[in-house]
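Visitor:
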Amino acid sequence: MKIFDLTKNGLKFVVRDKKNLFFLLLFPAIFMLVFGFAFGGTNTDTSTYNIGILNLDDGMYVNGENHMLSEDLIKVIQDAKHENNEVKLFNVTILHNESEVNNLIQSESVTAAIIIPDNFSKNIYSSRLSTVDNASSIITIKGNPNSMSYGVSEGVLSGIISKYSQNMEEQILGSSTRLVTINTETIGETSDYDTFDFQAPGIIVFAVLMIVTIVAANISIESENGTLKRLKLSKMTSIDYIMGNLIPWMLISGIQVIILLLVAILIGFTWQGGFNSIVLAVITAVIGSISSVALALIIVSLTKSSNQATNLGVLFAVPLSFLVGSFFELPKLPITTIFGHTVQIYEILPWNHTLLALRQILLYGKGIEYVSSDLIISLLLGLILFGISIFLFSKKKLT
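Residues in the sequence shown are numbered from 1283 upward in steps of one, following my numbering.
This is how it looks when you write it as structure tokens:
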């Protein structure tokens, strides 16, 4: 009977706090959804990959006309579709120089870029006329080797180009003489990086997001033990209280990033830009922490106990770290286009812009002028959350 009574009391204790029980049951389900979003559907993938093509082909003059055989290859790539449906494999952007190639790959605007050499048409015509033996053109596929999308794009592009080359060989020569050779290159110094180097900025964003849990728990405890009531008697305003919590946690976030970077460097993290990049990375994380503190205050406003606030903080912080791209590459999920930029659904989250800025700063050594747009967007979205948190916290906890 004692076991039965204890079991009964235990169940009552668990069920009594219905919100806490709800968070406990919902958290694994959200995690399942996040991982399904990240890794599911690989057998039915119909994604359209953004790629760039830099066509340096000079063409070949025949009977007074310039023939650009490279245009045929570009059309084949543009028209390529997924098997068994009409969804195109690639969204092609025509590029104008190699600097543009590198910038678009680094900013993840394209998953890969094809560089067609200046002698492409000449070599194929030379092979047709048998004026040059083994005249093979080298087509380069360039990208970020640690990008999952690049791995897929590179494999499909290699197959399309090889098939195109094979058809040309049969039509022109009637033999298996190779007309096109495929070469792969990585951008900048990324070939010296390993997977950990690309994960490090994501781990920093994860740490910034985990502030949500700690701040939510601390403020909830202040509310439970009466500290908040005593502070209200001192004619403290909601802005006073919120700023009093924001500033210390911004400082802690900066210290946290410094510690994380020191640990990362000790175990072999490779970064670009020297000391300036470290300083800019700390500033970027501090800006991201504004959103984390604001979210924590919103959570406290919507919960009634420190346990609920802690659980809801984890429920938000951990899935958000995945949904902003901290640990894996996100699929393309466009919602609109603003000034020519296709906005993905996860770009409405301020921490996504924090992550994008950190990767550009630490992996490619980019300065403030290059990441300023992401920093401004992260700050603006953070201020919007901050405004919402002031309204809710004032209404729910300070009245």
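For glycine and all other residues, C-beta sits at the position ideal for the given N, C-alpha and C. All values derive from a computational prediction rather than experimental measurement.
Using only the alpha-carbon positions, how far apart do A1567 and I1503 sit?
Guide: Taking the first residue of the sequence shown as 1, we reach residue 1567 at position 285. Taking the first residue of the sequence shown as 1, we reach residue 1503 at position 221. A1567 and I1503: Cα-Cα distance of roughly 26 Å.
Visitor: Measure the C-alpha to C-alpha separation of I1387 and I1540 and round it to an integer number of angstroms.
Guide: By one-based count along the sequence shown, residue 1387 stands at place 105. By one-based count along the sequence shown, residue 1540 stands at place 258. Distance between the alpha carbons of I1387 and I1540 is about 28 Å.
Visitor: Quick check: the Cα distance between T1334 and S1571, rounded to an integer number of angstroms?
Guide: Numbered from its first residue, the sequence shown carries residue 1334 at position 52. Numbered from its first residue, the sequence shown carries residue 1571 at position 289. It is Gly, not Thr, that sits at residue 1334 in the sequence shown. Rounded to the nearest angstrom, the two C-alpha atoms are 35 Å apart.
Visitor: In three-state terms, what does DSSP make of F1478?
Guide: What you label residue 1478 is simply residue 196 of the sequence shown in a count that begins at 1. Reduced to three states, the DSSP call for F1478 is helix.
Visitor: May I ask which residues mark the beginning and end of the alpha helix (DSSP H) holding A1578?
Guide: To locate residue 1578, count along the sequence shown from 1; it is residue 296. From DSSP, the alpha helix (DSSP H) with A1578 extends over G1556 to L1584.
Visitor: Return yes when the Cβ of A1639 is within less than 9 Å of the Cβ of L1542, no when it is not.
Guide: Mapped onto the sequence shown, residue 1542 falls at position 260. Mapped onto the sequence shown, residue 1639 falls at position 357. No. Outside cutoff.
Visitor: Taking Cβ positions, are T1636 and V1497 nearer each other than 9 Å?
Guide: By one-based count along the sequence shown, residue 1636 stands at place 354. By one-based count along the sequence shown, residue 1497 stands at place 215. Result no, Cβ atoms of T1636 and V1497 do not sit closer than 9 Å.
Visitor: Take G1484 as the anchor and find which of I1617, L1548, F1604 and K1357 has the nearest alpha-carbon.
Guide: Sequence index remark: in the sequence shown, residue 1484 carries index 202 (1-based). Residue F1604 is the option with its Cα nearest to G1484.
Visitor: So, is E1436 buried or exposed, given that buried needs 16 or more other C-beta atoms within 10 angstroms?
Guide: Within the sequence shown, the letter at position 154 stands for residue 1436. Buried, because 16 or more other Cβ atoms sit within 10 Å of the Cβ of E1436.
Visitor: What residue range does the beta strand (DSSP E) around S1419 cover?
Guide: Within the sequence shown, the letter at position 137 stands for residue 1419. From DSSP, the beta strand (DSSP E) with S1419 extends over S1419 to G1425.
Visitor: Go through its chain and collect everything with a Cβ distance to G1669's Cβ below 7 Å, but skip five positions before and after it.
Guide: In the sequence shown, the residue the question calls residue 1669 occupies position 387. Around G1669: no qualifying Cβ.
Visitor: Of all the options I1560, K1424 and N1401, which has the alpha carbon lying nearest to the alpha carbon of K1648?
Guide: As a position in the sequence shown, residue 1648 is number 366, starting the count at 1. Among I1560, K1424 and N1401, the Cα nearest to that of K1648 is on I1560.
Visitor: By DSSP's criteria, P1616 is part of a beta bridge. Which residues make up the other side?
Guide: In the sequence shown, residue 1616 corresponds to position 334, counting from 1. Paired residue(s): Q1626.
Visitor: Let me know the secondary structure DSSP gives K1678 once reduced to three states.
Guide: Here residue 1678 refers to the residue found at position 396 of the sequence shown. Correct three-state label for K1678: helix.
Visitor: If you count every other CB in all the chains shown that lies within 10 Å of the CB of I1580, and 16 or more means buried, which is it?
Guide: Within the sequence shown, numbered from 1, the residue matching residue 1580 stands at position 298. Label assigned to I1580: buried.
Visitor: On a Cα-Cα basis, can you pick out the residue from I1423, I1398, S1587 and L1602 that is closest to A1499?
Guide: Here residue 1499 refers to the residue found at position 217 when the sequence shown is read from its first residue. The shortest C-alpha separation from A1499 is found at S1587.
Visitor: What is the rounded straight-line gap between the Cα of I1420 and the Cα of I1398?
Guide: Numbered from 1 along the sequence shown, position 138 holds the residue referred to as residue 1420. Numbered from 1 along the sequence shown, position 116 holds the residue referred to as residue 1398. Answer to the nearest angstrom: the Cα atoms are 7 Å apart.
Visitor: Nearest to L1338 by CA position, among T1330, M1350 and Y1331, is which residue?
Guide: As a first step, residue 1338 must be located in the sequence shown, where it is residue number 56. Here the closest residue by C-alpha is M1350.
Visitor: Taking C-alpha atoms, which residue in V1369, N1367 and K1404 lies nearest to D1340?
Guide: As a position in the sequence shown, residue 1340 is number 58, starting the count at 1. Selected option, being the one with the closest Cα: K1404.
Visitor: Assign P1616 to one of two classes, buried (16 or more other C-beta atoms within 10 Å of its C-beta) or exposed (fewer than that).
Guide: Along the sequence shown, read from residue 1 onward, the residue named residue 1616 stands at position 334. It counts as exposed.
Visitor: With distances taken between CB atoms, is the gap from K1614 to T1375 smaller than 9 Å?
Guide: Along the sequence shown, one-based indexing puts residue 1614 at 332. Along the sequence shown, one-based indexing puts residue 1375 at 93. No, the Cβ-Cβ distance between K1614 and T1375 is not below 9 Å.
Visitor: When the Cα atoms are used, what is the spatial distance from N1589 to I1627?
Guide: One-based indexing of the sequence shown puts residue 1589 at position 307. One-based indexing of the sequence shown puts residue 1627 at position 345. Near 31 Å, if we compare the C-alpha coordinates of I1627 and N1589.
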